[in-house]
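Take a look at the structure set out below.
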Amino acid sequence: MYYEHSVLNRGFSEINPITYGAERCEPGHSVRSTRDFYLIHCVFSGKGIFERAGVTYPLEKNSLFLIRPGEPTYYCADKDVPWEYAWIGFEGKLCNNLLESTVFAEGRCTALVPQALRIFDEIRRTPDLLPSTELLLCSFVYQLMALLQKNSPAALSRPEEYAVRTADFIRANYTNSVSIEGIARILGIDRRYLCRIFSKKYGCPPKDYLVRIRLQRAAELLQNKGSSVREAARAVGYEDMYTFSKIFKKKYGLSPMQYKNTMGLKQEVDT
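In this note's numbering, the protein residues as written are 23 to 293.
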């Protein structure tokens, strides 16, 4: 039995589903092809082989196999115990980086991941021709990537990961009251240790990084969004106008109002 579902190409830039379906293969059923998108199969039962670059991989229940764009591949169901599998195909600018942080890193193409059966069962049961179909498929790809990440070695060293997580937290929360002590507590590490590894990674302490992000955003608001000085200050987490003006002038050599007026005049001249 063969079920290939209809997929509307929505042109999503990061993860864009191309195809999905399932098949209970006949004995010896084989496929030889080269794809122009990523395609992952999950084996639900039975056995078969997957060949890529001259290497043959015997596969059975709980196995995944990945076909990358441009790779000639061949896969064949066992003659005695043919496999049943489901698949999902996708493209997008995030695909390679996501896969490189999973069990498929460094060119690997097969993995044994029993937990993936649940995700692929949902994939094959997803109805097509619905407004939500492609969004659901995207969510399944992200779930799959998250699952495979948990089974893979960390892409970053632990100290570097702490530093990157801190930077990401600051970029996501700079509009609020951000405490470096609070970030360290969330990560479960000492504040002084966090400051040391962050400075090594980014060249400045996390507190200075926070100020830099806030002032960059404030400058954008003053220059391009027509915000008042008070609006810009509050938008980036400053309630005290004196403190904001003092820090801003130290960074840009102009008070926030002078900067706003100067940039406004410059834009008028440029246009």
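A virtual CB, placed ideally from N, CA and C, is assigned to each residue, including glycine.
Can you give me the Cβ contacts of residue i inside the same chain, cut-off strictly under 6 Å, excluding the 5 residues immediately before and after it?
i, result
"A254", "A240, L243 and L244"
"E203", "R213"
"Q126", "Residue identity check: residue 126 is Phe in the sequence provided, not Gln. L88, listed in sequence order."
"K271", "S277"
"S221", "P227"
"I205", "T188 and F191"
"Y264", "none"
Leaving out five residues before and five after residue i in sequence, what residues of the same chain have Cβ atoms less than 8 Å from its Cβ?
i, result
"E48", "A99 and P104"
"V29", "P39, I40, T41, Y42, D150, T155, E156 and L159"
Under 7 Å Cβ to Cβ from residue i, same chain only, skipping five residues before and after it: list those, please.
i, result
"T124", "M167, L170, Q171 and S174"
"E182", "K223"
"K101", "P49 and G50"
"E290", "Low confidence applies to E290: its pLDDT is 46, below 50, so where it sits in the model is not reliable, and the reading given next is rough at best. Correct list: empty, nothing qualifies."
"K115", "S35 and E36"
Between residue i and residue j, which are expected to be in contact by the criterion C-beta below 8 Å, what is the C-beta distance as a whole number of angstroms?
i, j, result
"Y260", "F266", "4 Å"
"I71", "L86", "With a Cβ gap of about 14 Å, I71 and L86 do not count as contacting."
"P306", "F112", "The structure shown has nothing for residue 306, since the chain only spans 23 to 293."
"I235", "R193", "6 Å"
"N84", "L139", "7 Å"
"W109", "Y42", "6 Å"
"S55", "T95", "7 Å"
"V258", "T197", "6 Å"
"E45", "E106", "7 Å"
"C64", "F142", "4 Å"
"F59", "P80", "Actually they do not touch by this definition, with Cβ atoms about 26 Å apart."
If you reduce the DSSP assignment to three classes, tell me which class residue i lands in.
i, result
"Y264", "helix"
"P39", "strand"
"R207", "helix"
"Y196", "coil"
"G270", "In the sequence on display, residue 270 carries Phe and not Gly. Residue state, collapsed to three classes: helix."
"C217", "helix"
"P227", "coil"
"N173", "Model confidence at N173 stands at a pLDDT of 48, short of 50, so the residue's coordinates are unreliable; what they give is reported in the following sentence. Correct three-state label for N173: coil."
"P278", "helix"
"V77", "strand"
"R180", "helix"
"R32", "coil"
"R54", "strand"
"E253", "helix"
"K69", "strand"
"E48", "coil"
Determine whether the Cβ of residue i lies closer than 7 Å to any Cβ atom of chain B.
i, result
"K229", "Absent from the structure is chain B; it holds one protein chain and no more."
Segment contact, 8 Å Cβ cut-off, at least three pairs: the region 149-169 with the region 30-37: yes
Beta strand (DSSP E) segments (min. 3 residues) lying fully within the region 86-166: 94-99, 106-113 and 132-134
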